[in-house]
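S.K.: A single structure is presented below for examination.
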Amino acid sequence: MLGICRGRRKFLAASLTILFVPAITWIYLFAGSFEDGKPVSLSPLESQPHSPRYTASTQRERESLEVRVREVEEENRVLRKQLSLVQSRGPAHHRGNHSKTYSMEEGTGDSESLRAGIVAGNSSECGQQPVVEKCETIHVAIVCAGYNASRDVVTLVKSVLFHRRNPLHFHLIADAIAKQILATLFQTWMVPAVRIDFYDADELKSEVSWIPNKHYSGIYGLMKLVLTKTLPSNLERVIVLDTDITFATDIAELWAVFHKFKGQQVLGLVENQSDWYLGNLWKNHRPWPALGRGYNTGVILLLLDKLRKMKWEQMWRLTAERELMSMLSTSLADQDIFNAVIKQNPFLVYQLPCFWNVQLSDHTRSEQCYRDVSDLKVIHWNSPKKLRVKNKHVEFFRNLYLTFLEYDGNLLRRELFGCPSEADINSENLQKQLSELDEDDLCYEFRRERFTVHRTHLYFLHYEYKPASDNTDVTLVAQLSMDRLQMLEAICKHWEGPISLALYLSDAEAQQFLRYAQGSEVLMSRHNVGYHIVYKEGQFYPVNLLRNVAMKHISTPYMFLSDIDFLPMYGLYEYLRKSVIQLDLANTKKALIVPAFETLRYRLSFPKSKAELLSMLDMGTLFTFRYHVWTKGHAPTNFAKWRTATTPYRVEWEADFEPYVVVRKDCPEYDRRFVGFGWNKVAHIMELDAQEYEFTVLPNAYMIHMPHAPSFDITKFRSNKQYRICLKTLKEEFQQDMSRHYGFAALKYLTAENNS
Numbered sequence: 033m034l035g036i037c038r039g040r041r042k043f044l045a046a047s048l049t050i051l052f053v054p055a056i057t058w059i060y061l062f063a064g065s066f067e068d069g070k071p072v073s074l075s076p077l078e079s080q081p082h083s084p085r086y087t088a089s090t091q092r093e094r095e096s097l098e099v100r101v102r103e104v105e106e107e108n109r110v111l112r113k114q115l116s117l118v119q120s121r122g123p124a125h126h127r128g129n130h131s132k133t134y135s136m137e138e139g140t141g142d143s144e145s146l147r148a149g150i151v152a153g154n155s156s157e158c159g160q161q162p163v164v165e166k167c168e169t170i171h172v173a174i175v176c177a178g179y180n181a182s183r184d185v186v187t188l189v190k191s192v193l194f195h196r197r198n199p200l201h202f203h204l205i206a207d208a209i210a211k212q213i214l215a216t217l218f219q220t221w222m223v224p225a226v227r228i229d230f231y232d233a234d235e236l237k238s239e240v241s242w243i244p245n246k247h248y249s250g251i252y253g254l255m256k257l258v259l260t261k262t263l264p265s266n267l268e269r270v271i272v273l274d275t276d277i278t279f280a281t282d283i284a285e286l287w288a289v290f291h292k293f294k295g296q297q298v299l300g301l302v303e304n305q306s307d308w309y310l311g312n313l314w315k316n317h318r319p320w321p322a323l324g325r326g327y328n329t330g331v332i333l334l335l336l337d338k339l340r341k342m343k344w345e346q347m348w349r350l351t352a353e354r355e356l357m358s359m360l361s362t363s364l365a366d367q368d369i370f371n372a373v374i375k376q377n378p379f380l381v382y383q384l385p386c387f388w389n390v391q392l393s394d395h396t397r398s399e400q401c402y403r404d405v406s407d408l409k410v411i412h413w414n415s416p417k418k419l420r421v422k423n424k425h426v427e428f429f430r431n432l433y434l435t436f437l438e439y440d441g442n443l444l445r446r447e448l449f450g451c452p453s454e455a456d457i458n459s460e461n462l463q464k465q466l467s468e469l470d471e472d473d474l475c476y477e478f479r480r481e482r483f484t485v486h487r488t489h490l491y492f493l494h495y496e497y498k499p500a501s502d503n504t505d506v507t508l509v510a511q512l513s514m515d516r517l518q519m520l521e522a523i524c525k526h527w528e529g530p531i532s533l534a535l536y537l538s539d540a541e542a543q544q545f546l547r548y549a550q551g552s553e554v555l556m557s558r559h560n561v562g563y564h565i566v567y568k569e570g571q572f573y574p575v576n577l578l579r580n581v582a583m584k585h586i587s588t589p590y591m592f593l594s595d596i597d598f599l600p601m602y603g604l605y606e607y608l609r610k611s612v613i614q615l616d617l618a619n620t621k622k623a624l625i626v627p628a629f630e631t632l633r634y635r636l637s638f639p640k641s642k643a644e645l646l647s648m649l650d651m652g653t654l655f656t657f658r659y660h661v662w663t664k665g666h667a668p669t670n671f672a673k674w675r676t677a678t679t680p681y682r683v684e685w686e687a688d689f690e691p692y693v694v695v696r697k698d699c700p701e702y703d704r705r706f707v708g709f710g711w712n713k714v715a716h717i718m719e720l721d722a723q724e725y726e727f728t729v730l731p732n733a734y735m736i737h738m739p740h741a742p743s744f745d746i747t748k749f750r751s752n753k754q755y756r757i758c759l760k761t762l763k764e765e766f767q768q769d770m771s772r773h774y775g776f777a778a779l780k781y782l783t784a785e786n787n788s
């Protein structure tokens, strides 16, 4: 609406100017052409230089008037042209952000004209911005490899999704790590009108591995060169982005720039904003050849169809081979080779306005790209220092970046109304399952949680671990929320083996966790801990979903199903590996029980042996777990027998039994219907028993529960009657499902429950 009003105002102003400026001018000229009531000729041919009335000042005045007339006529000609443009386009075409401009901001595709100072103002293009169709798909290509880059991609995608109004198709050139992380993330994110395709970056290594590269991006920093071969042959154009990009506007505005390409222009690039390619940063600095300041490849518009016809592959390879003979290696990865090609073929480039790639590295001229916040479109953190880069307005840029970093990704699941979406089987199945639920059911929220798809980011931090070759390795599995973060360092000190953790966090909390972990020497020294972020959604703590996520992503044959509030005894990892062999866990269905104890003291001198633990038990410093409030949960462990046991012993399942066990990785998952507090472990142990697992207590193993404030979920359980009623209903339904699935043998669970 604002654009329409501006268009009408311009139309009216132009019309009035054309009508009144000539009239006023000629009245002025007519009045000024009389001297003492007689007309004075304006033509030099008709002048009377010998007249006594003629003076030098009169001659100058005539000449001045003639110049003014020509100026007014030229202004009228320009105004008529602008008026015709406005009339032909109509007010409906006033779209996009039309920022004020200054040097180097208006993309003309002619770098020589820019250097000569022929720069058109951005505001002069009001009403001329090409329109992107409402449901036109915008294609974006990103090269991504490793754990850190996968996190960066999420922030980039959030900024694009926040502003977008069009369907998006992301083409991700990813290594195996990034593909595993991002495939799970987008599958669980379920954003409408977004399609993801992956291309194996490892298969492309041979295409560029012959190029020595000193840049920190490594071999993956060269892969944008081979996009014409990598991306589908029917894909005509694509926007290529670095992972350290943040969008401050709708990406459709950048997509529309393709319509401005002319002739043989096939690359849309922003001029480099540092002096790197000028070669004056330090003594003996010798950069790759470039046209003037060169171009930055953090944001690229590629006309793929034309590039293929031009034999781009052959073009860049020949250039790279020639330059490497003297340069020996690249310093800025693909950017050096792009610039060397452009140096030889300047006609290939359409120069983008610099606000499409505001480069925030040290010593750049990025401040010349904007005067106001509204001028910003794309921010590029292209310094190895990233957020710590030096810039006059770095605080503003950092806050903008942090906004998207901590933004709730669930809010970006917005439908694009009027645009048909591709059929998504997962989404359709979810909607079908939810539609079958009765919203009037008092336990509706409990039942709905079972089908909630939580956005999941696997391996949030670097993970590197190869299981022991003897097939005895064991991974500790646990789940936690933000209020249990302080337990991580202690667990890492007690357990030296691999750990798989599922953390239930908001986007903002995930960043707090990241900063906490990066500041911890203990956590940073451990690369065998897999941190899997399950993002918050709904009103319940999805405890069993978290356990399943942690269980699913282990790389060892066995796992120790623990909880975050427990500290395992020192040396438990090695003890369990020996027990796995001793009890032939590989060939038998056994669940090895680690006896659980607890202390009420926040500061505990942790027992270093079973004898020391028994002494503390006798003194009242330690207790068997939940002895005071839930004896049935661990009573079948038979702690009296454990005190003197020297060999493993078997125990039978009993109602409400919920020990902590070591099992093979192929054991059944936890039942997702149980959320928050109550019956989440009990149901799992019941299913192990139904599958005829043998429960065996380890005589020299133990774990101790550390004190903490009651969780929010246990508080709800104790204070909310409806919560307890729904939990009882879910228990009954679970037992009925067990009877249907396991038949006659499962009837004992109903009997045991009734007798308990």
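Numbering-wise, the numbering used here comes out as the position in the sequence shown, counting from 1, plus 32.
Here a beta-carbon is modelled for each residue, glycine too, at the ideal position from N, C-alpha and C.
1) Specify the secondary structure class of E138 as computed by DSSP and reduced to three states.
2) Have a look at Y476, C451, L508, D440 and flag the residue whose alpha-carbon is nearest the alpha-carbon of S538.
3) Using the C-alpha atoms, what's the distance from T220 back to K753?
4) Please classify L474 as buried or exposed, where buried requires at least 16 neighbouring CB atoms within 10 angstroms.
5) Report buried or exposed for L779, applying the criterion of at least 16 other Cβ atoms within 10 angstroms of its Cβ.
6) Would you call the CB atoms of P739 and Y634 closer than 8 Å?
7) What residues in its chain sit with their C-beta under 6 Å from that of L782, if we drop five residues either side in the sequence?
8) Can you find the residues in the same chain that come closer than 8 Å, C-beta to C-beta, to A88, ignoring five residues on each side of it along the sequence?
9) Between the segment 572–585 and the segment 476–493, are three or more C-beta pairs nearer than 8 Å?
10) Nearest CA to the CA of N266: which residue from G775, S241, D337, R682?
11) Check whether the Cβ of I736 sits closer than 7 Å to any heavy atom of the ligand ATP, and report yes or no.
12) Which two residues bound the contiguous beta strand (DSSP E) that contains K622?
13) What do you get for D698, buried or exposed, if any count of 16 or more other CB atoms within 10 angstroms of its CB means buried?
14) How big is the Cα-Cα spacing for H247 and Q296?
15) Determine the DSSP secondary structure at V164, reduced to helix, strand or coil.
16) I'd like to check one pair, K190 with A280: are the Cβ atoms closer than 8 Å?
17) Can you give the beta carbon distance from T25 to L236, rounded, assuming they're within the 8 Å contact cut?
18) CB-CB under 6 Å to Y134, same chain, minus the five flanking residues each way: which ones, in chain order?
19) Using a Cβ-Cβ cut-off of 8 Å (strictly less than) and excluding sequence neighbours within five positions of S771, which residues of its own chain qualify?
20) Sort I277, H737, T747, G708 by Cα distance to L762 and report the nearest one.
21) How many Å lie between L645 and R183 at the Cα?
22) Would D274 and W320 be called neighbours here (beta carbons separated by less than 8 Å)?
23) Measuring only the C-alpha atoms, how far is P244 from A181?
24) For D595, tell me which candidate among S513, Y433, D234 has the shortest Cα-Cα distance.
25) Indicate whether the contact test is met: 3 or more Cβ pairs, each with one atom in the segment 317–331 and one in the segment 354–366, closer than 8 Å.
26) R480: which of E427, I523, Y573, R430 sits nearest, CA to CA?
27) Output yes or no for whether 8 Å exceeds the beta carbon distance between P731 and A677.
28) When we look at the beta-carbon of R750 and count the other beta-carbons within 10 Å, is it buried (16 or more) or exposed?
29) Go ahead and label I56 buried or exposed: buried means 16 or more other beta carbons lie within 10 angstroms of its beta carbon, across all protein chains shown.
30) Just the C-alpha distance for V302 and L286, rounded to the nearest angstrom, thanks.
31) CA-CA distance, H489 and Y563?
32) Per DSSP, F727 forms a beta bridge with which residues?
33) According to DSSP, which residues form a beta bridge with Q550?
34) So what does N328 bridge to, in DSSP terms?
35) Kindly indicate which residue of V426, P639, V729 has the alpha-carbon position closest to the one of V390.
36) Here's the rule I'm using: 16 or more other beta-carbon atoms within 10 Å means buried, otherwise exposed. How should Y476 be labelled?
M.R.: Put simply:
1) Summary for E138: the model assigns pLDDT 44, below 50, so the residue's position carries little reliability, and this model does not support an answer.
2) D440
3) 33 Å
4) exposed
5) The residue in question, L779, is exposed, as its Cβ has fewer than 16 Cβ neighbours within 10 Å.
6) Taking 8 Å as the Cβ cut-off, P739 and Y634 qualify as a contacting pair.
7) Q767
8) With a pLDDT of 49 at A88, under the threshold of 50, the modelled position of this residue cannot be trusted; read the value that follows with caution. Hits under 8 Å: none found.
9) yes
10) D337
11) Ligands are entirely absent from the displayed structure, and the ligand ATP is therefore not among its contents.
12) 622–626
13) exposed
14) 30 Å
15) coil
16) no
17) Not covered by the structure: residue 25. The range shown for the chain is 33 to 788.
18) Since pLDDT at Y134 reaches only 33, below the 50 mark, its modelled position is unreliable, and the value read off the structure follows with that caveat. Closer than 6 Å at the Cβ level, and outside the excluded window around Y134, lies no residue.
19) A778, L779, Y781, L782
20) G708
21) 43 Å
22) no
23) 21 Å
24) S513
25) yes
26) Y573
27) yes
28) exposed
29) Caution is warranted here: a pLDDT of 47 is assigned to I56, below 50, making its placement in the model unreliable, and no coordinate value can be reported.
30) Between V302 and L286, the alpha-carbon positions lie close to 12 Å from each other.
31) 9 Å
32) A623, V683
33) Looking at the DSSP assignment, Q550 forms no beta bridge with any residue, so it has no partner.
34) DSSP lists V302 as the beta-bridge partner residues of N328.
35) V426
36) exposed
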